[in-house]
DNA sequence: GATACCGGTATCCTTTAGGATAGTAGTATC
DNA sequence: GATACTACTATCCTAAAGGATACCGGTATC
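Protein chains in written order, with the UniProt record's numbering: chain A, 1 to 131; chain B, 1 to 131.
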């Protein structure tokens, strides 16, 4: 949030805090945003999602998908093939989160670099002490 | 995330998912981002933060502040007045989250409107049925 | 006949987040 | 002398998130 769009009064500050709280209320948790990221590449089946989201268990995946569906972020379509095919797809409303996700993605990459540099610097410091 | 910055291969998809997971790992939870929002208006004292973040208990606030400090997002400065004054302040690294927070803020506002419209539409539908 | 894929459920369990309530030492205020 | 403010900590507790493991019916494949 830049200073330009956040007025500096107490009430305005609380309002900003609440806007962010509202947003977090819907997209909180470890998996929802990553799931929406995975679905950017197009509709996916259950198992495909499970493979993209390493370490997610089917139970959790299924629950999170239901949540996302309830909130209007994904649709679930069953095709009557044998065996059945179930396709999950982002809705237009999920696309309204594009910028949020994109910024989070970019920041995540920068953060990873930041962490790497920190531990490198730390290693240097230890070496210096050792000498 | 726009299609322009996310390549559509399986590996690239997993990488994007992981970038977002990395980001969420640090800023997850109900309070961290709202706290950083509150601190945009300038350094704040403990009680000021508590007032901005309605309903947060001192225990949780204190724990979240420690987390943010450990991750390098805020600094804690004690002034030796009587009684002591403790000031929390965003670091430069917290500012690197500006865009993420700003987008989340904007989306939160739009989402609130969206929800309102939905419930209005629902009310209309109920009326129509009742007639 | 054994194994594997699909789209999940069922059951049980641990961990964490978060909340409720109370209290503390020191100062200032009424 | 009672109350209020600051910046917390301590204790206890609940609810939710998340994970481990196993399993299901159906199909296809080897």
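Just so you know, even glycine gets a beta-carbon here, dropped at the ideal spot from N, CA and C.
Distances from the alpha-carbon of residue 15/A to those of 60/B, 96/B, 108/B, 87/B put 108/B closest.
According to DSSP, residue pairing for residue 120/B in a beta bridge does not occur. A Cβ-Cβ contact shorter than 8 Å links residue 61/B with residue 53/B. Here residue 111/A is buried. Its C-beta has 16 or more other C-beta atoms within 10 Å. Counting only Cβ-Cβ distances below 7 Å, residue 21/B has contacts in chain A at 34, in chain order. Contact between the segment 76-90 of chain A and the segment 67-85 of chain B is absent: fewer than three C-beta pairs spanning the two stretches fall below 8 Å.
Between residue 50/A and residue 43/A, the CB-CB gap reaches or exceeds 8 Å. Against chain B, the beta carbon of residue 16/A has neighbours under 7 Å at 37, 105, listed in chain order.
Sequence-distant Cβ neighbours of residue 33/B in its own chain, meaning closer than 7 Å and more than five residues away, are 27, 101, 104. Neighbours of residue 47/A across chain B, judged by C-beta separation under 9 Å, do not exist; the nearest C-beta is about 13 Å away.
If you draw a straight line from the Cα of residue 121/B to the Cα of residue 129/B, it is about 12 Å long. Interface criterion met: the Cβ of residue 52/A is under 8 Å from a Cβ in chain B. With the criterion set as a beta carbon lying under 7 Å from some beta carbon of chain A, the members of the segment 96-125 of chain B are 96, 97, 98, 99, 100, 101, 102, 103, 104, 105, 107, 108, 109, 110, 111, 112, in sequence order. Taken in chain order, the complete beta strand (DSSP E) segments of 3 residues or longer contained in the UniProt domain "HTH hxlR-type" (13-116) of chain B are 74-79, 85-90. Residue 47/A and residue 22/B have their C-alpha atoms roughly 22 Å apart.
Between residue 39/B and residue 97/B, the beta carbon gap of about 11 Å keeps them out of contact (Cβ cut-off 8 Å). Residue 74/B holds the alpha-carbon nearest to the alpha-carbon of residue 86/B among 74/B, 117/B, 127/B, 95/B.
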